[in-house]
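Taking our numbering, the leading residue of the sequence shown gets 48, the next gets one more, and so forth.
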Amino acid sequence: MLSDELKSQIHLAYRASLEAKSHKPRVGQRQMIGAIARTLGNIKQDSEGERLGEKHVAVVEAGTGTGKTLSYCLAAIPIAKARGLKLIISTATVALQEQILHKELPNLLEHTALSFKYTLAKGRGRYLCLNNLEGFLSTEEQGMEDMFAGLFEQHLQVDDVNTPLYQEMDLALSKGEWDGDKDNWEGIIRDQDWRRLTTDHQQCTNRNCANYSACPFFKARGEIEDADVIVANHDLVLADLSLGGGAILTPPKETIYVFDEGHHLPDKAIGHFRHEVRLQQSITWLRQLEKNLVNLKQELTDDVSLTGQLLLKIPQQIQAIVNFIQYAQQGLAPYIQGLGLDQDNNQHRFEFGVIPDELRQLAYSLQTSYQKLFNNIESIQDECKKTKQNEGMGVTPETAETWQPILGVILGRLEQCVELWRLYSAVDDQKYPPNARWLVVTGQGMEQDIELGGSPILAAHTLRQQLWDKCFGAVVTSATLTALNQFHRFNMRSGVPQESEYLRVLSPFDFQKHGLLVIPEMENEPNRVEQHTKEIVQYLDKQVDKEKGSLVLFSSRRQMEEVAQSLAPALQEVLLMQGEQSKRVILDSHRARIDAGKGSLLFGLASFAEGVDLPGNYLTCVYIAKIPFAVPDDPVEATLAEWIQKRGGNPFMEITIPDASLRLVQATGRLLRSETDSGEIHILDKRLRTKRYGQQLINSLPPYRQQ
48 MLSDELKSQI HLAYRASLEA KSHKPRVGQR QMIGAIARTL GNIKQDSEGE RLGEKHVAVV
108 EAGTGTGKTL SYCLAAIPIA KARGLKLIIS TATVALQEQI LHKELPNLLE HTALSFKYTL
168 AKGRGRYLCL NNLEGFLSTE EQGMEDMFAG LFEQHLQVDD VNTPLYQEMD LALSKGEWDG
228 DKDNWEGIIR DQDWRRLTTD HQQCTNRNCA NYSACPFFKA RGEIEDADVI VANHDLVLAD
288 LSLGGGAILT PPKETIYVFD EGHHLPDKAI GHFRHEVRLQ QSITWLRQLE KNLVNLKQEL
348 TDDVSLTGQL LLKIPQQIQA IVNFIQYAQQ GLAPYIQGLG LDQDNNQHRF EFGVIPDELR
408 QLAYSLQTSY QKLFNNIESI QDECKKTKQN EGMGVTPETA ETWQPILGVI LGRLEQCVEL
468 WRLYSAVDDQ KYPPNARWLV VTGQGMEQDI ELGGSPILAA HTLRQQLWDK CFGAVVTSAT
528 LTALNQFHRF NMRSGVPQES EYLRVLSPFD FQKHGLLVIP EMENEPNRVE QHTKEIVQYL
588 DKQVDKEKGS LVLFSSRRQM EEVAQSLAPA LQEVLLMQGE QSKRVILDSH RARIDAGKGS
648 LLFGLASFAE GVDLPGNYLT CVYIAKIPFA VPDDPVEATL AEWIQKRGGN PFMEITIPDA
708 SLRLVQATGR LLRSETDSGE IHILDKRLRT KRYGQQLINS LPPYRQQ
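Have a look at this one:
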């Protein structure tokens with residue numbers, strides 16, 4: 048039970064926070080704090096501190112303006128501290144992460160009696176690897192990198208190495224003016240320059256590294272151990288869980304998670320288990336690997352050492368894999384020809400994820416062969432690590448230091464191949480949704496290749512096993528967790544326990560008073576693309592006030608560009624279109640125009656329909672070109688639809704409409720960002736009036752005044 052002491056602590060902190068901001072209590076905010084506190088406070092434990100039962104997850108949809116960040120912080124921080132647990136707050140966007148770090152948590156410490164330490168957690172990819180920096184400042188290492196060109200996906204020629212930047216970074220580190228965190232570097236860093244400097248869990252040698260004590264990543268890890276609250280992102284949390292939990296962050300059983308922007312979690316999880324492999328590209332890479340490993344053999348001090356014996360086996364293992372891939376190519380060639388695939392129609396999805404038996408048997412052989420190769424190279428890497436303790440056989444410390452990160456890159460690539468072929472060799476359990484499997488023909492002529500892809504169609508089972516079953520407690524929140532006013536869509540995709548606490552907190556905004564929804568009489572449905580595009584141009588020319596801030600959201604880049612080209616000159620003068628500059632620069636330019644008393648017209652795609660915050664005069668009118676239905680050719684979504692239909696369901700009503708509902712709520716949510724905002728939303732899609740599902744979609748929106 049939630050103790051009286053904790054109840055009092057939460058209540059006093061809430062009151063102090065409101066007084067500091069001169070805010071009045073909000074009904075929705077109090078409901079949210081209460082639901083989270085009840086859920087987390089009532090979790091039962093056994094004598095050894097292990098969680099009992101499954102009433103440990105709160106799922107809260109909190110409308111815009113609720114103040115959800117303050118709500119979950121006030122409820123979760125005191126409970127986590129009282130139980131001796133870590134609190135991990137995970138977001139989907141950098142903007143929200145920065146808001147929590149630089150505004151919400153400091154405000155709580157300043158204005159309430161709560162006492163806690165907090166830090167930001169990032170993956171290795173955000174930190175400089177000192178070994179890599181030293182390597183690229185050494186001409187000898189640059190030559191070594193060039194020798195291994197074929198093993199790296201993003202290889203740069205030695206002439207392309209940005210030596211002046213690396214020298215500047217080295218100087219800043221030595222003076223203590225930079226901590227090795229990419230986000231804290233004041234200058235601009237190109238992606239290709241940074242990729243050379245960072246590392247991953249396969250390449251990193253941890254305590255065996257000569258630079259371990261000065262490593263920016265491990266210094267940051269030390270702060271995680273001292274912190275009570277850790278701010279992270281969904282990708283980092285999922286990466287940690289995929290490594291068993293506790294590898295990067297704290298172990299799940301010792302953690303309470305808060306997933307803000309939680310509607311992204313299922314799709315992010317699927318992305319972590321989606322794999323693609325190109326067959327001919329794999330053969331080329333394996334041949335390059337074999338060639339390069341000869342160089343390692345030449346550097347051995349003892350050919351009969353374990354490393355030497357392992358290296359002897361590798362050419363035969365690589366040849367076996369190449370043979371199996373070639374068998375797959377030969378078998379797939381007539382199959383692809385029979386499908387009639389070409390440049391325009393280059394993708395084939397296997398129905399229900401079921402592949403031909405011959406391919407599945409080959410996949411099993413490839414999985415086991417790749418796994419043997421992976422194990423051997425991992426053993427070689429282990430021998431390199433042991434040289435630090437003078438235990439490695441046949442490898443000098445200098446050779447080991449050079450080869451460890453290279454072997455890490457190789458292992459990362461092999462791991463992807465193992466997972467793809469494991470997915471292709473498995474027979475899906477009929478109790479669970481199938482995996483999606485597909486092939487794509489890429490390139491032409493001599494450059495033609497076959498890409499095989501595979502992915503789960505739902506992350507529910509994986510999230511259940513790796514997250515919900517293991518964590519001590521969790522909160523999932525977002526302004527858009529329900530679709531068509533129900534949690535069914537999120538439950539199906541996320542796998543949260545059925546016993547979870549569910550709450551919908553309505554926005555405090557007066558939508559009737561401040562928001563007008565307009566669904567004009569359009570002549571053409573969006574499937575008549577050319578006519579619909581012309582109609583959009585005519586409507587915008589007539590309706591858009593070029594003296595104000597407006598946003599037009601499109602589902603198609605092509606339609607967006609065609610509308611932009613056909614607009615009246617007066618509107619083209621104030622137009623800012625996604626893709627012409629970075630999103631941040633475009634939004635800054637838009638705000639600057641409004642601040643200067645001018646008008647601005649934004650054109651954007653899906654990424655502008657979510658996470659764009661333009662309060663007040665920055666945005667007074669939102670135009671939505673059409674109902675944002677998902678692209679129908681995605682093999683994962685198509686397999687999911689197929690599975691639902693097989694079970695007697697209606698994919699259009701169970702997937703397509705709920706997904707569109709969610710996207711429409713997000714898109715319309717760009718308009719009112721504060722209680723004093725006002726404006727209009729125009730949806731230029733006649734299907735909202737003519738189709739049976741149109742009224743369902745309208746009913747799922749906030750209660751705007753309608754025209």
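Backbone N, C-alpha and C fix where the C-beta goes; we use that ideal spot for every residue, glycine too. These numbers come from a predicted model, not from an experiment.
Checklist line | Cβ-Cβ distance between residue 152 and residue 305 below 8 angstroms | finding: Numbered from 1 along the sequence shown, position 105 holds the residue referred to as residue 152. Numbered from 1 along the sequence shown, position 258 holds the residue referred to as residue 305. No, they are not a contact pair.
Margin query: Beta-carbon within less than 7 angstroms of residue 397's beta-carbon, same chain only, minus the 5 sequence neighbours each way: which residues are those?
Written below: Position 350 of the sequence shown, counted from the first residue, corresponds to residue 397. Answer for residue 397: 484, 485, listed in chain order.
Notebook entry, point to check: At what residues does the beta strand (DSSP E) containing residue 624 begin and finish?
Noted result: The sequence position of residue 624 within the sequence shown is 577, counting from 1. Unbroken beta strand (DSSP E) run through residue 624: 622-624.
Notebook entry, point to check: Would you report the Cα separation of residue 192 and residue 403, rounded to the nearest angstrom?
Noted result: Working through the sequence shown from its first residue, we reach residue 192 at position 145. Working through the sequence shown from its first residue, we reach residue 403 at position 356. Below a pLDDT of 50, predicted positions are generally treated as unreliable, and residue 192, at 49, falls in that range; the measurement from the model is reported next regardless. Near 41 angstroms, if we compare the C-alpha coordinates of residue 403 and residue 192.
Next item on the list: Can you check DSSP and say which residues form a bridge with residue 525?
Entry: For the purposes of this step, residue 525 is identified with residue 478 of the sequence shown, where counting begins at 1. In the DSSP output, where bridge partners are listed per residue, residue 525 has 108.
Note to self: For a test of the three-state rule: what should DSSP assign to residue 740, helix, strand or coil?
What the structure shows: For the purposes of this step, residue 740 is taken as the residue at position 693 of the sequence shown. If DSSP states are grouped into helix, strand and coil, residue 740 belongs with the helices.
Margin query: Tell me whether the region 404-412 and the region 463-481 touch, counting them as touching only if at least three CB pairs, one residue from each stretch, are closer than 8 angstroms.
Written below: yes
Notebook entry, point to check: Quick one, are the C-beta atoms of residue 655 and residue 624 less than 8 angstroms apart?
Noted result: Residue mapping note: residue 655 aligns to position 608 of the sequence shown, counting from 1. Residue mapping note: residue 624 aligns to position 577 of the sequence shown, counting from 1. No.
Notebook entry, point to check: Pairing CB atoms from the region 316-333 with CB atoms from the region 495-505, are three or more of them under 8 angstroms?
Noted result: yes
Checklist line | Beta-carbon separation (whole angstroms), residue 423 vs residue 510, contact threshold 8 angstroms | finding: Reading the sequence shown from its first residue, position 376 is the one you call residue 423. Reading the sequence shown from its first residue, position 463 is the one you call residue 510. Between residue 510 and residue 423 the Cβ distance is about 33 angstroms, and since that is not below 8 angstroms, they are no contact.
Note to self: Here's the rule I'm using: 16 or more other beta-carbon atoms within 10 Å means buried, otherwise exposed. How should residue 149 be labelled?
What the structure shows: As a working mapping, residue 149 is identified with position 102 in the sequence shown. Residue 149 should be labelled exposed.
Item checked: DSSP-derived helix/strand/coil call for residue 342 -> Within the sequence shown, residue 342 is the residue found at index 295, counting from 1. Three-state DSSP puts residue 342 in a helix.
Next item on the list: Indicate the three-state DSSP secondary structure (helix, strand or coil) for residue 232 in the structure shown.
Entry: Here residue 232 refers to the residue found at position 185 of the sequence shown. DSSP places residue 232 in coil when its eight states are reduced to three.
Item checked: N- and C-terminal bounds of the alpha helix (DSSP H) containing residue 304 -> Your numbering for residue 304 matches position 257 in the sequence shown. Where residue 304 is concerned, there is no enclosing alpha helix (DSSP H), although the beta strand (DSSP E) around it starts and stops at 302-306.
Margin query: Taking 6 angstroms as the limit between beta carbons, can you name the residues of its chain near residue 179, skipping five residues before and five after?
Written below: Locating residue 179 in the sequence shown gives position 132, counting from the first residue. Cβ neighbours of residue 179 beyond the five flanking positions: 244.
Next item on the list: Let me know the secondary structure DSSP gives residue 279 once reduced to three states.
Entry: Position 232 of the sequence shown, counted from the first residue, corresponds to residue 279. Note: residue 279 maps to strand in three-state DSSP.
Note to self: Can you give me the C-alpha to C-alpha distance between residue 163 and residue 272, rounded to a whole angstrom?
What the structure shows: Translated into the one-based positions of the sequence shown, residue 163 becomes position 116. Translated into the one-based positions of the sequence shown, residue 272 becomes position 225. Distance between the alpha carbons of residue 163 and residue 272: 13 angstroms.
Checklist line | Cut-off 6 angstroms between Cβ atoms - residues of its own chain near residue 378, not counting five sequence neighbours on either side | finding: By 1-based counting over the sequence shown, the position of residue 378 is 331. Counting only Cβ-Cβ distances below 6 angstroms, and skipping sequence neighbours, we find 405.
Note to self: According to DSSP, simplified to helix, strand and coil, what is residue 225?
What the structure shows: On the sequence shown, residue 225 is found 178 positions in, with the first residue counted as 1. Residue 225 falls in the coil class under three-state DSSP.
Check: What are the partner residues of residue 503, as DSSP defines its beta bridges?
Finding: Here residue 503 is taken as the residue at index 456 of the sequence shown, counted from 1. Residue 503 is bridged to 482.
Item checked: Outcome for residue 721 when other beta-carbon atoms lying within 10 angstroms are tallied against a minimum of 16 -> One-based indexing of the sequence shown puts residue 721 at position 674. It counts as exposed.
Notebook entry, point to check: What residue does the beta strand (DSSP E) around residue 396 start on, and which one ends it?
Noted result: Translated into the one-based positions of the sequence shown, residue 396 becomes position 349. Per DSSP, residue 396 belongs to the beta strand (DSSP E) from 394-396.
Notebook entry, point to check: Are the CB atoms of residue 491 and residue 606 nearer to each other than 8 angstroms?
Noted result: The residue you call residue 491 lines up with position 444 of the sequence shown. The residue you call residue 606 lines up with position 559 of the sequence shown. No.
Next item on the list: With DSSP as the reference, please indicate the residues paired to residue 98 in a beta bridge.
Entry: Translated into the one-based positions of the sequence shown, residue 98 becomes position 51. Answer is 92, bridged to residue 98.
Next item on the list: Give the single residue among 269, 662, 169 whose Cα lies nearest to the Cα of residue 772.
Entry: Since the displayed the chain opens at 48 and closes at 754, residue 772 lies outside it and no answer follows.
Check: Comparing alpha-carbon positions, which option in 289, 167, 182 lies nearest residue 231?
Finding: As a working note, residue 231 is residue 184 in the sequence shown. Of 289, 167, 182, the residue nearest in Cα terms is 167.
Margin query: I'd like to confirm the pairing. Which residues does DSSP put opposite residue 668 in its beta bridges?
Written below: Sequence index remark: in the sequence shown, residue 668 carries index 621 (1-based). As computed with DSSP, residue 668 is found in a beta bridge with 597, 727.
Next item on the list: State yes or no: is the C-beta of residue 658 within less than 8 angstroms of the C-beta of residue 140?
Entry: On the sequence shown, residue 658 is found 611 positions in, with the first residue counted as 1. On the sequence shown, residue 140 is found 93 positions in, with the first residue counted as 1. Yes, the Cβ-Cβ distance between residue 658 and residue 140 is below 8 angstroms.
Next item on the list: Would you decide whether residue 64 is buried or exposed? Buried here means 16 or more other CB atoms lie within 10 Å of its CB.
Entry: Here the question's residue 64 lines up with position 17 in the sequence shown. Buried, because 16 or more other Cβ atoms sit within 10 Å of the Cβ of residue 64.
Notebook entry, point to check: Run through DSSP, which three-state label would residue 530 get?
Noted result: As a position in the sequence shown, residue 530 is number 483, starting the count at 1. Strand at residue 530.
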